[in-house]
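Q:
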Amino acid sequence: MITTRRYFVKLVGGAAVAAGAGLDAGPTRAQAAPVKLGVLAIRAGIAAPVGTAGLRGTEWWLERVNKAGGILGRPVQLVVEEESNPKDTVERYRKLVLQDKVEAVLGGISTGVTLALGPVAEDLGTPWLSWDGTTQKGVDETMPSPKWAFKSVDNEVEAIVAGILTPKYFKGIKTVAGIGNDYSYGHDCWESYQAVLKRYIPDVKFVLELFPKLGVTDFTAHIAAIQQAKPDLLMCSFWSGDATILMKQAAAVGLFKTMKGVFTTAGGVHDSLKKEFTPEGLLLGYNTMYFDDPNGSALLRQFVREYKAKYNEYPPYECDHAYFNAESYRAAVEKAAGGGTTWPSRAAVVKALEGIEVESLSGRRSWREDHVQMCNFYQGLTTHKNPYDFVTLSPLEVVSTRTAMKPAGAKLFDWINSWKI
Amino acid sequence: MILRAEGLRKFYGKFCALDGVSLGVGAGEFVSIIGPNGAGKSTLINILTGVLRPSAGRVSFRGRDVGGIGPARLARLGMARSFQLVQIFPELTVLDTLQAAVVARLGRGTRLFASLARDRDVHAEALEVAELFGLGARRGVPARQLPQGDKKLLDVAAAFALRPHIILLDEPTSGVSTSDKTAIMEILVAASRRIGLQAIIQVEHDMDIVFAYSDRIIALHQGKVLADAPPAAIQADQRLIDTVIGRRVPSR
Amino acid sequence: MQKIFNLACGSFYALGAYVGVSAVSWYTSAGGPAALFVLPLALAGLAVGAIGFVVERGLLRFVYDRDEAFQLLLTFAVVLMMEDAIRLTWGTSPQSTSALYLTYGQVRVLGATAPVYNLIVIAASLVIALLIGGLLTRTTFGRIIRAAADNREMVEALGVDLRRVYARVFTLGTALGTLGGALVIPATAAMSEMGIELIVEAFAVVVIGGLGSMRGAFVGALVVGVLRAIAISVYPELEMLLIYFIVIAVLVLRPRGLFGGAAA
Amino acid sequence: MTARLVLGAAVVGVALAPLVAPTYHVLLMLPFMAYAVVLLGLNLLFGYAGLLSFGHALFIGIGAYAGAFLTGPLKVRSLEVILLAAGGLGALVAAPVAALCVRYVKIYFGMLTLAFGMVFYTFVLKFYRLTGGDEGLPFLRPALLGWSLEAMPKTDYLVGPYYYYSLAVLSVAALCMWRIVHSPFGLCLKTIRDNPAKAESLGIDVTRYRWLAFMLSAVYAAVGGALLGPPTGNVDPTLLYWTHSGNIVFMTLLGGFASFFGPVLGAFVFIYLQNWVMSVVPYWRLVFGAILAAIVIFAPGGLMGLAARRRRPMRVSGA
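Residue numbers (numbering that gives the first Met the number 0), protein chains in the order written: chain A, 0 to 420; chain R, 0 to 251; chain Y, 0 to 263; chain B, 0 to 318.
Spelled out as structure tokens, the structure:
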């Protein structure tokens, strides 16, 4: 969190006006003035680790870009604001655009917040690239074709990937129990997972569903209920400390001695899943970036190395979303400039972003034409055969959003039911 | 009889604070209740004013059973009271305190959007009571800034502003200097005539006051009525006085 | 007892948990025998309860003679500050001890497997409950506390220095909170918002049990715990709502709670 | 007279702000005006009836969700209807809640209101098919006085018509509340705040008056909550969360609950202070907590109290 402050730009009247007015003052002055990008990061509450990872990814990108001479010769500055509840975050967003006059806004994680941000971004006419906010419902209902808002992969992709991989790795599954957080992400994941699994195993029975509140830290009663239901498999979409807690408390009663386990998203807290209480052979999802990918790029290796050196942790996936957003913005500006040095208009940048493909930490990633992120999802079976004190994956499966995310305009369940299996 | 109590009993757990008390107060009477500490005076007052519900027995006020109906309803029926430990509204001025009482009496408290400042009746009536109690000059002073004696007067004045049929005064002169006691009592008597009060019940320790103003004295001892007689009869019974008062108490 | 409703109790609980994690990792890296890890854990939990003394002396004591609402507000201020203080100290990631939870092994109780550590914690809380009960009923200090809860002026008139009593009671309460936070840590992970769930449940417990009653709090906690477990296995959707319904029912039918002594 | 001059200048300043101030600061005035309505109501309960509610976010949430339901599924866009419905629904929910809560006073009242707030918070999170759960519901752009204004860019709509509409609502709300606190009812509330036992002895039905004050404050909070929705364009459960209740109490105290306009001033200062501190210090909660503690201890009269200096000398000594 210390780095937040280091890059924090405190705006003093004159400088801000100069930067904002730089656009109109002619190309020569504009080149010298730094380009400001707004960042929204969650700092408090359950998603704070995710926000922190996103911010760190962006800061790492910033250092590289500025070392390489900035974008079109302009150094880049970040203006970091806090993502909190929808009301305050909408105000922060307006501040970034109206007051700080940033060129684009990066970030946004919580679905509730990004649902509110979508229409505001459209209204203010500034590109907004969301790290992890899907805004599906709001965008579908209130703005079918967003112009300025770029959204994350759909909520339920990791559950769909897990649904595809479950029958491949676990044979003979007849009964399944599910546990997830009591909010949209948890419910979306569970519903899509059921829909996909039913396609592969038509006679599968879903015997129990549990939705504890977000932030609960005691699952003994839930685990007892799961034991009672005696499913062949437990599907869990926890993604924060609760995944670790559930794993610990499950180990205490030997839950996974009697059933298989699927943790669609627990890779977000991967380095807290210590070997002592995390068994081998669970299906574990790392979302869009796997720090230990044997086929990982040199960029990924460098990032993981420097991240570990700086924070003494191994990076989670949110770094990749954030890096991709910032990097795609840089590429789009350069593409829109068409080899020249004149800073392109915001509309031109947005046009250039559509369909653009860049190298991210997890390999090549792109924006679909309808402003949705494309990427690969990394899932696999947990193993203890590694030099760390936590579990990693072997074998590793990589599934692209081209196969696991509903195409533009499709209805989710119609699409799943139309698969040829 | 305006107020009648029959066979009142009150238990706190196993402790019996009142043990079959019966009494009545008629129109035009000034009745004093006396007794040593722990005789049950406070309990009796609290039952008569509806704060406590008796364990047994009944209280009727102007022919209505009022046992435990609560002080607010009883006040609206025409029974007002003052308190032993002075009770005021610290932040309210003298006039506002009395206006509040008048508002309550007239049932205008739920007028949400009416202007209090323009309510002439309330203002005039409150002012009249203030004058009656010699508080007219201090009508704009917040109650917390009044001297102790005036606080006591304000407490009683607010009860009078209700224009009750009957008023219960819980030690109206306690905590007041000897010289002021008579003054307060004179104001009380004058005011009660002025507002057409039908009866006064007071609990009082000061025997000079009790004998000077009462028409009748009810002596309590260990939760029972020991005597209920005119002052002269009580004064004549030295044994009774010894029991109830312990000793002949000169003015404090 | 003190008629302070402490919104910050959850924050103290979270603080205890974080300190517990730090203490245990320090202990483990210093090479202490694994079997004795509860000792540094419990000691750290108790020691950090000293924050209660700081909060009481530094903040709360200024408002005792004012409306009790101000105490509520001060504890709200503590909640705000503690959240950031924890973030400053430990960062945003959940903190967790490694496998110490299973150091003591598992046993089968009534057909279910339970970690021995859980049983130790249950035993410890029973002992603490008994100790508190004994403190309140058997000692002079306890009698003073109970008397002060009823009538502050009276106790002060008897020459008791209530400031010291309050400081001790508040510190004791805080220490119990931080100790609780530390003791659950092997079974869970420390997250900055872990206290918030606790506040809400603490409400339910206290209201069901009766405001201001220790026995009530104990029974209330049992009721809430058992109801939650039943709800989760029978009809999970009801989990938290069921408890709230019970709370409201208690309020309507028995405004003072099942064991309530404190007047409304 | 100076008070009237200051008030007049403030009203003129607020009315002219959209013409002169930067857009972003004008936008911040919208939550200020919405909270000001909420706080006028909250202070009837706290400043005048002496009951500190720690659960009023519940009614803000009810107002906001009422607006979201009306503009969304029910297709009612008229803000006048929305405000009426919000107030009505606020009263409907408040009736039983208030009846249970006003049986208690002081700290117990605060606890119970907080508990009820959390009950509804849990409810909103849990019944996510109805309420959208954590995602909340969109609050579509309401029509003002029959004009749909749909074609206007949102920002122009907010800093133009919606701004003046909010100002009008706030003015009407303030006038009504001014009358209420200066009515016989207001006087009776003050007697209850100062000394409930004595008030009772004067025939004032304390419970009933407290209940009425609670109802009024709930209606105000719901109306303010409905006003809070359109600038965000979305309503969500955090509006009902207990820390939101804490924030509005904070605003009340910051401005000073002993004065009629204190809480309004508090809302203004809180919003601009938060805006500034959040941008400058990542650990802004630490700063805010410290400010709150300092106000409670050293300036219980809030900003108004500091300005007036005519209140009782404060007591800072221990018990």
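Every residue gets a Cβ at the ideal spot worked out from N, C-alpha and C, and that includes glycine.
Just so you know, these numbers come straight off a predicted model, no measurement behind them.
Pick helix, strand or coil for Y:Cys8, following the three-state DSSP scheme.
A: As a first step, residue 8 of chain Y must be located in the third sequence, where it is residue number 9. Of the three classes helix, strand and coil, the one that applies to Y:Cys8 here is helix, per DSSP.
Q: Which residues, in order along the region 307-331 of chain A, keep a beta-carbon less than 8 Å from a beta-carbon of chain Y?
A: Listed in sequence order: Glu312.
Q: Kindly indicate which three-state DSSP category B:Gly301 falls into: helix, strand or coil?
A: By 1-based counting over the fourth sequence, the position of residue 301 of chain B is 302. Note: B:Gly301 maps to helix in three-state DSSP.
Q: Return the residues of the region 59-85 of chain A that lie within a Cβ-Cβ distance of less than 9 Å from chain D, sorted by chain order.
A: Absent from the structure is chain D; the protein chains it does hold are A, R, Y and B.
Q: Using CA coordinates, which residue listed in Y:Ala147, Y:Leu73, Y:Arg145, Y:Gly180 is at the minimum distance from Y:Ala46?
A: The residue given as residue 46 of chain Y occupies position 47 in the third sequence. Of the listed residues, the one whose Cα sits closest to Y:Ala46 is Y:Gly180.
Q: Of all the residues that make up the region 156-173 of chain A, which are near chain Y by a beta-carbon distance shorter than 9 Å?
A: So nothing in the stretch comes that close.
Q: Report the residue ranges of all alpha helix (DSSP H) runs contained in full by the region 59-117 of chain R; include only those spanning at least 4 residues, in chain order.
A: If we require 4 residues or more, the alpha helix (DSSP H) runs fully inside the region 59-117 of chain R come out as 70-76, 93-105.
Q: Looking at the strands, I want to know which residues DSSP matches up with B:Trp146.
A: Sequence index remark: in the fourth sequence, residue 146 of chain B carries index 147 (1-based). Note: B:Trp146 sits in a beta bridge opposite B:Leu143.
Q: Kindly list, in the order they appear in chain B, the residues whose Cβ is closer than 7 Å to that of R:Arg75.
A: By one-based count along the second sequence, residue 75 of chain R stands at place 76. Gly202, listed in chain order.
Q: How would you label A:Lys259, buried or exposed, when you count the other beta carbons within 10 angstroms and need 16 or more for buried?
A: In the first sequence, counting from the first residue as 1, residue 259 of chain A sits at position 260. By the neighbour-count rule (16 or more Cβ atoms within 10 Å), A:Lys259 is buried.
Q: Mind pulling the alpha helix (DSSP H) runs of 4 or more residues that sit fully within the region 30-86 of chain B?
A: Complete alpha helix (DSSP H) runs here, min 4: 56-70.
Q: Taking only beta-carbon atoms, is B:Glu149 less than 8 Å away from chain A?
A: Within the fourth sequence, numbered from 1, the residue matching residue 149 of chain B stands at position 150. Chain A, which has no Cβ nearer than 8 Å to the Cβ of B:Glu149, makes this no.
Q: Curious, which full-length alpha helix (DSSP H) runs of at least 4 residues does the region 100-155 of chain A contain?
A: Complete alpha helix (DSSP H) runs here, min 4: 110-123, 135-141.
Q: Go through its chain and collect everything with a Cβ distance to R:Gln83's Cβ below 7 Å, but skip five positions before and after it.
A: One-based indexing of the second sequence puts residue 83 of chain R at position 84. Asp169, Glu170, Ser173.
Q: Quickly, what does DSSP pair R:Val31 with across the bridge? List them, please.
A: Position 32 of the second sequence, counted from the first residue, corresponds to residue 31 of chain R. A small correction: the amino acid at residue 31 of chain R is Ser; Val does not occupy that position in the sequence shown. Answer is R:Gln201, R:Ile216.
Q: Grab me the residues of A:Ala347's own chain with a C-beta within less than 7 Å of its C-beta, minus the 5 sequence neighbours each way, in chain order.
A: Numbered from its first residue, the first sequence carries residue 347 of chain A at position 348. If we look at A:Ala347 and ignore the five residues flanking it on each side, its Cβ neighbours are Ala335.
Q: Would you report the Cα separation of A:Asp87 and B:Phe287, rounded to the nearest angstrom?
A: Working through the first sequence from its first residue, we reach residue 87 of chain A at position 88. Working through the fourth sequence from its first residue, we reach residue 287 of chain B at position 288. Distance between the alpha carbons of A:Asp87 and B:Phe287 is about 15 Å.
Q: From which residue to which residue does the alpha helix (DSSP H) around A:Gly50 run?
A: Residue numbering aside, residue 50 of chain A sits at position 51 when the first sequence is read from its first letter. First-last of the alpha helix (DSSP H) with A:Gly50: 47-66.
Q: With DSSP as the reference, label R:Arg57 as helix, strand or coil.
A: Working through the second sequence from its first residue, we reach residue 57 of chain R at position 58. The answer is strand: DSSP assigns R:Arg57 an E or B state.
Q: Please state the DSSP three-state secondary structure of A:Leu213.
A: Reading the first sequence from its first residue, position 214 is the one you call residue 213 of chain A. Residue state, collapsed to three classes: coil.
Q: For A:Gly104 versus A:Leu95, is the C-beta spacing smaller than 8 Å?
A: As a working note, residue 104 of chain A is residue 105 in the first sequence. As a working note, residue 95 of chain A is residue 96 in the first sequence. Looking at the sequence itself, residue 104 of chain A is Val, so the reference to Gly does not match. Result yes, Cβ atoms of A:Val104 and A:Leu95 sit closer than 8 Å.
Q: At least one CB of chain Y closer than 8 Å to the CB of B:Arg284: is that the case?
A: Stepping through the fourth sequence from its first residue, residue 284 of chain B is reached at position 285. It does; some Cβ of chain Y falls within 8 Å.
Q: Quick one: which chain A residues come within Cβ less than 8 Å of Y:Ile195?
A: Here residue 195 of chain Y is taken as the residue at index 196 of the third sequence, counted from 1. Chain A residues near Y:Ile195: Gly214.
Q: Quick one: is Y:Ile247 near chain A, going by C-beta distance under 8 Å?
A: Here residue 247 of chain Y corresponds to residue number 248 of the third sequence, with the count starting at 1. Closer than 8 Å: no.
Q: For a contact defined as C-beta to C-beta under 7 Å, what are the partners of B:Ala289 on chain Y?
A: For the purposes of this step, residue 289 of chain B is taken as the residue at position 290 of the fourth sequence. Those are Met80, listed as they occur along chain Y.
Q: Check whether the Cβ atoms of B:Pro13 and B:Val222 lie closer than 8 Å to each other.
A: The sequence position of residue 13 of chain B within the fourth sequence is 14, counting from 1. The sequence position of residue 222 of chain B within the fourth sequence is 223, counting from 1. At residue 13 of chain B the sequence reads Val, which differs from the Pro that was named. Their beta carbons are not under 8 Å apart, which means B:Val13 does not touch B:Val222 by this criterion.
Q: Skipping 5 residues on each side, what residues in its chain have a beta carbon closer than 6 Å to that of R:Ser54?
A: As a working note, residue 54 of chain R is residue 55 in the second sequence. Only Arg8, Lys9, Phe10 meet the Cβ criterion.
Q: Under DSSP, the beta strand (DSSP E) around R:Gln144 begins and ends at which residues?
A: For this step, residue 144 of chain R is matched to residue 145 along the second sequence. Premise fails: R:Gln144 is in no beta strand (DSSP E) and is neither H nor E.
Q: Give the residues from the region 82-96 of chain R that approach chain B closer than 9 Å (Cβ to any Cβ), ordered along the chain.
A: Going along the region 82-96 of chain R in chain order, one finds Phe82, Gln86, Ile87, Phe88, Pro89, Glu90, Leu91, Asp95, Thr96 with a Cβ nearer than 9 Å to chain B.
Q: Could you list which residues in chain A have their beta carbon closer than 9 Å to that of B:Asp193, in chain order?
A: One-based indexing of the fourth sequence puts residue 193 of chain B at position 194. What B:Asp193 touches in chain A: nothing, since even the nearest Cβ is about 37 Å away.
Q: Between B:Gly86 and B:Val218, what straight-line distance do the alpha-carbon atoms span, to the nearest angstrom?
A: Working through the fourth sequence from its first residue, we reach residue 86 of chain B at position 87. Working through the fourth sequence from its first residue, we reach residue 218 of chain B at position 219. Cα to Cα, B:Gly86 sits roughly 5 Å from B:Val218.
Q: Could you confirm whether any beta carbon from chain A is found closer than 8 Å to the beta carbon of Y:Ile231?
A: Residue mapping note: residue 231 of chain Y aligns to position 232 of the third sequence, counting from 1. With 8 Å as the cut-off, Y:Ile231 counts as an interface residue toward chain A.
Q: Please name the residue, chosen from B:Leu50, B:Leu41, B:Leu139, B:Gly116, that lies closest to B:Pro72 on a Cα-to-Cα basis.
A: Reading the fourth sequence from its first residue, position 73 is the one you call residue 72 of chain B. Checking every option, the nearest Cα to that of B:Pro72 belongs to B:Leu139.
Q: Look up A:Ile70 in the DSSP assignment and say whether it is helix, strand or coil.
A: What you label residue 70 of chain A is simply residue 71 of the first sequence in a count that begins at 1. Note: A:Ile70 maps to strand in three-state DSSP.
Q: Could one say the Cβ of A:Asp131 lies closer than 8 Å to chain Y's Cβ atoms, at least one of them?
A: Numbered from 1 along the first sequence, position 132 holds the residue referred to as residue 131 of chain A. So no, A:Asp131 is outside the interface.
Q: Could you please give the first and the last residue of the uninterrupted beta strand (DSSP E) stretch that includes R:Asp18?
A: Your numbering for residue 18 of chain R matches position 19 in the second sequence. Run containing R:Asp18: 14-24, per the beta strand (DSSP E) assignment.
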